[in-house]
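Here the structure is laid out as structure tokens; the discussion comes afterwards.
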Amino acid sequence: MNAFIKKMEPEHLEDVVAIETSSFPAPWTRKFFSQDIDAYYGRNFVSVLDRGTGEKVLGYITAWVVYDECTINKIACDCSYRRRGIGSALLNHLIKEVYIQGVKYFFLETRQLNTAAVSFYQEFGFIRKSIRKGYYSDTKEDAIVMELYVSEPVECEGDVKAAALNF
Ligand SMILES: CC(C)(COP(=O)(O)OP(=O)(O)OC[C@H]1O[C@@H](n2cnc3c(N)ncnc32)[C@H](O)[C@@H]1OP(=O)(O)O)[C@@H](O)C(=O)NCCC(=O)NCCS
13 MNAFIKKMEP EHLEDVVAIE TSSFPAPWTR KFFSQDIDAY YGRNFVSVLD
63 RGTGEKVLGY ITAWVVYDEC TINKIACDCS YRRRGIGSAL LNHLIKEVYI
113 QGVKYFFLET RQLNTAAVSF YQEFGFIRKS IRKGYYSDTK EDAIVMELYV
163 SEPVECEGDV KAAALNF
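Residue numbers (our numbering): 13 to 179.
Right, here's the structure in full:
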């Protein structure tokens, strides 16, 4: 059994919202994801496991594309499946897909205290561009703005092998 990446569809939203709610203090709602799926500037992907009886979502990524820029809004994995390469596969897939469409600049913001996310993005080559003081209204935490410039096509390992998922 492999996990593979596909476009986010309405049938994935129940799993997506469950992961979202357990991953973020100020989670997006189902309605917000739903609108994003339909938006022409939205790029939304899920990593799924096909169990024969239906797909289980292991992680997702959402982003907006405007001209040659991509803003990554959300990336999260089911907490039981972290550190198995799913987040990397999702980010690689997004970068590969939108690079073909002419996107070279990638931006995101993350909570300063989210050291896992900061390490994850740095591993990808994102660099810290600036700090937004007190950006998050719930905790008044600062946001770190990070940027990646991609100058050549990205090799993509979209499937995460069963071994990596420990089945
Ligand atoms: C950030 C997140 C999506 C990473 O997904 P993941 O599938 O666990 O990441 P990967 O397995 O692809 O990790 C790739 C590399 O990133 C770094 N990394 C990932 N998680 C890390 C952690 N908790 N601590 C330190 N480094 C980490 C490591 O270098 C890792 O490589 P390694 O496992 O070989 O050491 C995941 O931790 C998550 O869902 N977090 C909750 C939601 C969140 O905070 N999203 C980001 C919002 S800005």
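Yeah, the Cβ is synthetic: ideal placement off N, Cα and C, and Gly gets one too.
Cβ neighbour criterion (16 or more within 10 Å) applied to residue i
{"i": "VAL78", "result": "exposed"}
{"i": "ASP90", "result": "buried"}
{"i": "LYS145", "result": "exposed"}
{"i": "LEU25", "result": "buried"}
{"i": "LEU106", "result": "buried"}
{"i": "ARG140", "result": "exposed"}
Contact test: residue i Cβ vs ligand 1 heavy atom, cutoff 7 Å
{"i": "ALA88", "result": "yes"}
{"i": "ALA15", "result": "no"}
{"i": "GLU135", "result": "yes"}
{"i": "SER142", "result": "no"}
{"i": "ILE98", "result": "yes"}
{"i": "ARG63", "result": "no"}
{"i": "ASP131", "result": "Note on residue identity: the sequence assigns Ser, not Asp, to residue 131. Yes, ligand 1 has a heavy atom inside 7 Å of this Cβ."}
{"i": "SER35", "result": "yes"}
{"i": "LEU120", "result": "yes"}
Check whether residue i and residue j have beta carbons under 8 Å apart
{"i": "ILE1", "j": "ILE98", "result": "No information on residue 1 is available, as it lies outside the stretch 13 to 179 that the chain covers here."}
{"i": "TYR111", "j": "VAL58", "result": "no"}
{"i": "ILE17", "j": "ALA88", "result": "no"}
{"i": "LYS116", "j": "ASP80", "result": "yes"}
{"i": "VAL157", "j": "GLU135", "result": "no"}
{"i": "ILE31", "j": "VAL69", "result": "yes"}
{"i": "VAL28", "j": "PHE44", "result": "no"}
{"i": "GLN124", "j": "ASP154", "result": "yes"}
One or two residues paired with residue i in a DSSP bridge
{"i": "GLY71", "result": "SER59 and CYS89"}
{"i": "TYR161", "result": "TYR117"}
{"i": "ILE143", "result": "ILE156"}
Integer-rounded CB distance, given that residue j should sit under 8 Å from residue i
{"i": "PHE160", "j": "PHE138", "result": "One detail in the question is off: residue 160 reads as Leu in this sequence, not Phe. Confirmed, about 5 Å."}
{"i": "TYR182", "j": "TRP76", "result": "It is not possible to answer for residue 182, since the shown part of the chain is limited to 13 through 179."}
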